[in-house]
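What follows is one structure encoded as structure tokens, with my remarks underneath.
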Amino acid sequence: MRSLIRENMLDISVGGGLLGAGGGGSVREGSKLVERILQFGTSVDLASADEIDDEAWGAVIAGMGSPVASKSNPRTYSPTWAMEALADALDFEPAFVIPFETGAGNSLTPMQVAIQKAIP
24 MRSLIRENML DISVGGGLLG AGGGGSVREG SKLVERILQF GTSVDLASAD EIDDEAWGAV
84 IAGMGSPVAS KSNPRTYSPT WAMEALADAL DFEPAFVIPF ETGAGNSLTP MQVAIQKAIP
């Protein structure tokens, strides 16, 4: 397992913005999301598939909606609350999160949940 620090997250945001070709959030919003993530800690753990137990349950995390709305109402806890509601409904304990799509924001949204829940 390795730790992703601010510089890594900013690089992921820029790379996600290029690969996502505009989908999954803007790089500007991704940079703001990095700063929001770092309000909860200094790094996020990144695990390889080999480091996750075969029986572990995880959640796919993404943000959806209007880019204009996300500027005035940034997501801080809602992705975590959504994952907790899913885990309660399906009766499992999330051990990891993964992104739904490549993008400057959606590559980082799972990291926000990960740092809040202390999971990779």
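Sequential numbering from 24 applies to the sequence shown in the working numbering.
Ideal Cβ positions, reconstructed from N, Cα and C, are used throughout, including at glycine.
Just so it is clear, the structure is predicted and the values come from calculations on it, not from any experiment.
Buried versus exposed call for residue i [16 or more other C-beta atoms within 10 Å across all chains shown]
i    : result
E52  : buried
G40  : buried
F16  : Given that the chain is displayed from residue 24 to residue 143, the structure contains no residue 16 and the question cannot be resolved.
I142 : buried
V57  : buried
A82  : buried
Any non-hydrogen atom of the ligand ADP within 7 Å of residue i CB
i   : result
D68 : In the structure shown, the ligand ADP is absent, as is every other ligand, since no ligand is present at all.
Nearest-angstrom Cα separation, counted from residue j out to residue i
i    : j    : result
L69  : S26  : 6 Å
I35  : T132 : 11 Å
M87  : M32  : 20 Å
L42  : P122 : 14 Å
E116 : A110 : 6 Å
T125 : G46  : 8 Å
A85  : D77  : 23 Å
A112 : A79  : 17 Å
M24  : S71  : 7 Å
E30  : A44  : 21 Å
C-beta atoms of residue i and residue j nearer than 8 Å
i    : j    : result
V129 : G48  : Going by the sequence as given, residue 129 is Asn instead of Val. Closer than 8 Å, so yes.
V67  : A137 : yes
R59  : Q135 : yes
Endpoints, beta strand (DSSP E) assigned at residue i
i    : result
D111 : Run containing D111: none in the beta strand (DSSP E); it sits in the alpha helix (DSSP H), 101-113.
A118 : 117-122
L61  : Taken as a continuous stretch (DSSP letters only), L61 belongs to no beta strand (DSSP E), as it is neither H nor E.
L27  : 25-27
L69  : 67-69
Opening and closing residue of the alpha helix (DSSP H) in which residue i lies
i   : result
I75 : Neither: I75 is in no alpha helix (DSSP H) and is coded neither H nor E.
S49 : First-last for S49: undefined, no H or E at that position.
Residue-level contact to chain B via CB, residue i, 8 Å cutoff
i    : result
F115 : Checking the listed chains, one finds no chain B in this structure; it contains a single protein chain.
Item to check | Three CB pairs or more closer than 8 Å across the region 101-114 and the region 42-62 | outcome: no
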